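In the numbering used here, the protein residues as written are 16 to 153.
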């Protein structure tokens with residue numbers, strides 16, 4: 016049995032986050048010791064490591080909840096798990112595309128900032144005030 020502090024150290028997940036995952040139903044409510052301390056088993060450690068890895072990959076709580084539910088049926092086809100991962104990959108790729116556009120626009124704005132000039136002549140301030148000065152939607 017592990018204390019919440021031990022679970023935190025082994026997984027790198029902060030104690031309040033572990034409590035949050037319990038409240039959200041991602042982790043089963045921990046057993047309690049006679050002193051009312053949370054006590055966790057090996058399977059809780061494995062589940063928390065799974066959640067942590069999924070969060071590190073950017074999956075949201077609902078996707079993680081669904082993946083956990085799917086993992087309870089090991090002999091079922093994994094089409095739904097594949098769909099969750101593919102949907103998330105599409106979302107990540109969309110975000111990357113938006114970030115590339117944002118990077119290009121910011122680089123263009125910054126390229127106008129040469130020399131030492133006053134705020135009244137600052138292209139950054141002007142471009143933020145007038146979206147029409149942007150080259151594209153971002």
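A virtual CB, placed ideally from N, CA and C, is assigned to each residue, including glycine. Since this is a predicted model, take the numbers as computed values, not measurements.
Strictly by DSSP, which residues pair up with residue i?
i	result
residue 17	55
Among the options, which has the Cα closest to the Cα of residue i?
i	options	result
residue 148	135, 124, 130 and 134	124
residue 76	31, 140 and 36	36
residue 25	114, 51, 61 and 98	61
residue 74	127, 102 and 144	102
residue 112	56, 152 and 70	152
residue 33	104, 50 and 65	65
residue 127	133, 137 and 119	137
residue 63	51, 48 and 80	80
Taking residue i as part of the alpha helix (DSSP H), name the residues at either end of that continuous run.
i	result
residue 33	30-38
residue 42	Segment: none, residue 42 is in no alpha helix (DSSP H) and carries neither H nor E.
residue 82	76-86
residue 150	Counting along the chain, residue 150 falls outside any alpha helix (DSSP H), and DSSP gives it neither H nor E.
residue 143	138-144
Thinking residue i and residue j are a contact (beta carbons under 8 Å), I'd like their distance in whole angstroms, please.
i	j	result
residue 67	residue 27	7 Å
residue 45	residue 53	4 Å
residue 96	residue 104	So it is not a contact: roughly 13 Å between Cβ atoms.
residue 59	residue 82	No, residue 59 and residue 82 are not in contact; Cβ-Cβ is about 17 Å, not under 8 Å.
residue 120	residue 150	6 Å
**Asked** In the segment 95-130, which residue ranges form an unbroken beta strand (DSSP E) of at least 3 residues, counting only runs that do not cross its ends?
**Response** Fully enclosed beta strand (DSSP E) runs of 3 or longer: not present.
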